[in-house]
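Notes follow once the structure below has been shown.
Chains as they are written, first to last, in this note's numbering: chain A, 1 to 401; chain B, 1 to 372.
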């Protein structure tokens, strides 16, 4: 196998590091200094799984870096081409395992569009509710883990308290705590009971009540702000160029959210804000702090959507008519949806007369989001690199698929 | 000032028949062993305290199975670590790798020799008490640098580098804040410093003027940095450097680092309590110098130590970690000027007390000048 570790970007020095480089030369005249190449990961507490980042450092400064992905590649897309459509859905769960329901949602929408299947009204509402519950769970995890990355252990364990109740909610309707397989082609597996909806209400008000607690520990904490202000800046241009989506793109000042600007499912029926740009707390556009702030704000907006969906939800069946041996006609679809981490898109081609897809492919947000660290982390400190990786909130299961 | 040993020799006839040097040597060995056992047990219990308190703060329970309320958890942990394989990396610098934990351990525990736990309850009643405490805890840093360097691991080297950078920044404010108390007390003897603070709680050095009050906070924050406690835990920053300087250590060598860290925590809490919070003085006028009541004094000092330990634990589980440049900023641009002002201000305060306020002639002058 080719030497992959120390072989970073060939030639040219990164622009941000010019100043450091000059200082380095000044030091080098009197003192021999050396650059070190670190392999951060695949076993490292802060790379959120099995990401390997080869980092060339000069002391504490990052001179160049290259992420290496693929350590948990599980052929999720190829499996989609070798199994009947309905059997692929659980594999979608396992891509972004912190947002399993959102993955199912996009995958099912693609298959339904391919086969021209109608989804009942009530099922659409249920899908939106569970997807938003999932978004809150995912953002809670992102916020807590970000604290952990920066050395604040407590918010990480506090968020499990709310997450636990939320996971119980999804457990009640699907039987799974992390991977649900709840959204099916043509609808959802089970209807929601009144008890479940009451519990949902209790949980949403609990989350709302607890959010200020997290914000005291992180968002409004001086030490946290010092660690995240002006660190890992993704500006508008960089964000668009690297295909960053989700909170990362909105923190860069791009007012774009699939749920509002390219509405899928029934998201056009709800009234919610899309937080974007810089907060008035401090920092600059596109830094780590803004990405964290966007997540905090999105939890509030998700709560709004859940409440509205709960009000408007009609009675009716939760499963549409799906033909027994489901064989969609020839054609192709490209469906995208807003996952907690950004845009997840599903591209499927049916050759017709088959219960398997001819081509199944996903565009994952984490994969595009992590790519840009080669540009934004150069010239920063190692401690900042951890802060940047944490703020991008990647799930390696979906980067590698 | 008489030590416990002197009293013992005076009151026991058969001891007087033996050579004086021999009696003193034996006495010191016994005393040091007692202190070592006391400090080790306390360090173990501090681990338990940390885990229980952090558990409470994090909506979980913490260890509660081994012994009553989990108090013996540290013994179980220690036994488990004794049973682990003692791995020395192939590329490590073996002799240095092996002695590094010992140096860290010695640095943390040796300083207990000069710390008075109560009236006469001190292994070595030295005139240079604070000086010795600060120097011995600096030896610990050498051990950490050796550990980081000898491991021949990149994370460990980076941890050691950070420790060096952090040490040169916290040592100055730490020493200067302690110096301002030395100026006030006119002595470096820790027992003597406590005697001067006996009586009502406004005699405690922390309350004697604004400079001592500020020096208390400067000392405590610098002590947090010296102890590598969060938010200054950069040398072992778990989420950045895996485990920093002790990444490559396993089994009981790791336990030694761990124990030394907690022993240093107790040491600094105790020294802070002695320097600023009146040591074993309960805060009201009562004589605790009797042979039995001195143990009550020891308990009071113990309580103050626990209170300070609790604050350290509280801070650790609340704040995120500083970045290395912010640590430098805090130490050089905030704590250092503040502690310099404290030393100079304290000198002026003592001078004024002696001249303007009449020195020892009146109560206010005495209060203001301490033993200076």
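Ideal Cβ placement from N, Cα and C applies to all residues, glycine included. Note that the coordinates shown come from a computational prediction; the quantities given were computed from them, not determined experimentally.
Any non-hydrogen atom of the ligand NAD within 7 Å of residue i CB
i, result
"residue 298 of chain A", "The ligand NAD is not part of this structure, which contains no ligands at all."
Spatially closest choice to residue i from the options, by CA coordinates
i, options, result
"residue 174 of chain A", "A:115, A:203, A:248, A:93", "A:93"
"residue 314 of chain A", "A:202, A:355, A:283, A:194", "A:194"
"residue 308 of chain A", "A:201, A:84, A:89, A:65", "A:201"
"residue 89 of chain B", "B:149, B:165, B:225, B:16", "B:149"
"residue 254 of chain B", "B:327, B:236, B:117", "B:236"
"residue 199 of chain B", "B:285, B:96, B:56", "B:285"
"residue 289 of chain A", "A:155, A:310, A:226", "A:226"
"residue 299 of chain B", "B:312, B:281, B:310", "B:281"
"residue 379 of chain A", "A:312, A:232, A:331", "A:232"
"residue 216 of chain B", "B:228, B:180, B:167, B:329", "B:180"
"residue 244 of chain B", "B:272, B:152, B:330, B:318", "B:152"
"residue 127 of chain A", "A:386, A:181, A:76, A:369", "A:181"
"residue 288 of chain B", "B:263, B:197, B:220, B:247", "B:197"
"residue 38 of chain B", "B:317, B:115, B:63", "B:115"
"residue 251 of chain A", "A:34, A:286, A:373, A:91", "A:286"
"residue 222 of chain A", "B:344, B:190, B:319", "B:319"
Where residue i falls: helix, strand or coil (DSSP)
i, result
"residue 339 of chain A", "strand"
"residue 188 of chain B", "coil"
"residue 37 of chain A", "strand"
"residue 394 of chain A", "coil"
"residue 15 of chain B", "helix"
"residue 1 of chain B", "With a pLDDT of 40 at residue 1 of chain B, under the threshold of 50, the predicted position of this residue should be treated as unreliable, though the coordinate-derived value follows. Residue 1 of chain B falls in the coil class under three-state DSSP."
"residue 66 of chain A", "strand"
"residue 183 of chain A", "strand"
"residue 21 of chain B", "helix"
"residue 377 of chain A", "coil"
"residue 315 of chain A", "coil"
"residue 14 of chain A", "The predicted position of residue 14 of chain A is uncertain, since its pLDDT is 46 and thus under 50; a value taken from the coordinates is nonetheless stated next. Coil, per DSSP."
"residue 32 of chain B", "helix"
"residue 8 of chain A", "For residue 8 of chain A, the pLDDT reaches just 42, beneath the cut-off of 50, and the residue's location in the model is therefore unreliable, leaving the point undetermined."
"residue 88 of chain B", "coil"
Element boundaries [beta strand (DSSP E), containing residue i]
i, result
"residue 204 of chain A", "Unbroken run through residue 204 of chain A is the alpha helix (DSSP H), 194-217; no beta strand (DSSP E)."
"residue 292 of chain A", "Counting along the chain, residue 292 of chain A falls outside any beta strand (DSSP E), though it belongs to the alpha helix (DSSP H) covering 288-312."
"residue 360 of chain A", "359-363"
"residue 54 of chain A", "52-58"
Cut-off 7 Å between Cβ atoms - residues of its own chain near residue i, not counting five sequence neighbours on either side
i, result
"residue 182 of chain B", "130, 188"
"residue 38 of chain A", "55, 57"
"residue 324 of chain B", "162, 165, 234"
"residue 171 of chain A", "177"
"residue 149 of chain A", "46, 386, 387, 390"
Alpha-carbon to alpha-carbon, residue j and residue i
i, j, result
"residue 71 of chain A", "residue 334 of chain A", "27 Å"
"residue 226 of chain B", "residue 228 of chain A", "25 Å"
"residue 390 of chain A", "residue 301 of chain A", "22 Å"
"residue 341 of chain B", "residue 172 of chain B", "13 Å"
"residue 142 of chain A", "residue 83 of chain B", "37 Å"
"residue 78 of chain A", "residue 98 of chain A", "22 Å"
"residue 346 of chain B", "residue 278 of chain B", "18 Å"
"residue 100 of chain A", "residue 178 of chain A", "7 Å"
"residue 146 of chain A", "residue 387 of chain A", "7 Å"
"residue 335 of chain B", "residue 222 of chain B", "8 Å"
"residue 57 of chain B", "residue 328 of chain B", "29 Å"
"residue 185 of chain B", "residue 111 of chain B", "20 Å"
"residue 143 of chain B", "residue 240 of chain A", "49 Å"
"residue 6 of chain A", "residue 75 of chain B", "With a pLDDT of only 40 at residue 6 of chain A, under 50, the local geometry of the prediction cannot be trusted, and the value read off the model is given with reservation. About 44 Å."
"residue 14 of chain B", "residue 55 of chain B", "53 Å"
"residue 267 of chain A", "residue 133 of chain A", "14 Å"
6 Å Cβ shell around residue i - same chain, five flanking residues per side excluded
i, result
"residue 11 of chain A", "Residue placement at residue 11 of chain A is poorly supported in this model, since its pLDDT is 41, which falls under 50; the coordinates are not used for a value here."
"residue 50 of chain A", "42, 71, 72, 396"
"residue 400 of chain A", "69, 70, 72, 73"
"residue 1 of chain A", "Model confidence at residue 1 of chain A stands at a pLDDT of 37, short of 50, so the residue's coordinates are unreliable and nothing is read from them."
"residue 332 of chain A", "349"
First through last residue of the alpha helix (DSSP H) which encompasses residue i
i, result
"residue 480 of chain A", "This structure gives no information on residue 480 of chain A, because the portion of chain A shown stretches from 1 to 401."
"residue 93 of chain B", "Per DSSP, residue 93 of chain B belongs to no alpha helix (DSSP H) and is neither H nor E."
"residue 340 of chain B", "336-355"
"residue 257 of chain A", "Here residue 257 of chain A belongs to no alpha helix (DSSP H), and DSSP marks it neither H nor E."
"residue 242 of chain A", "No alpha helix (DSSP H) holds residue 242 of chain A; DSSP gives it neither H nor E."
"residue 327 of chain A", "From DSSP, residue 327 of chain A is part of no alpha helix (DSSP H); its letter is neither H nor E."
"residue 88 of chain A", "85-93"
Listed by chain order, chain C residues near residue i by CB distance under 8 Å
i, result
"residue 149 of chain A", "Structure shown: chain C not included; protein chains present are A and B."
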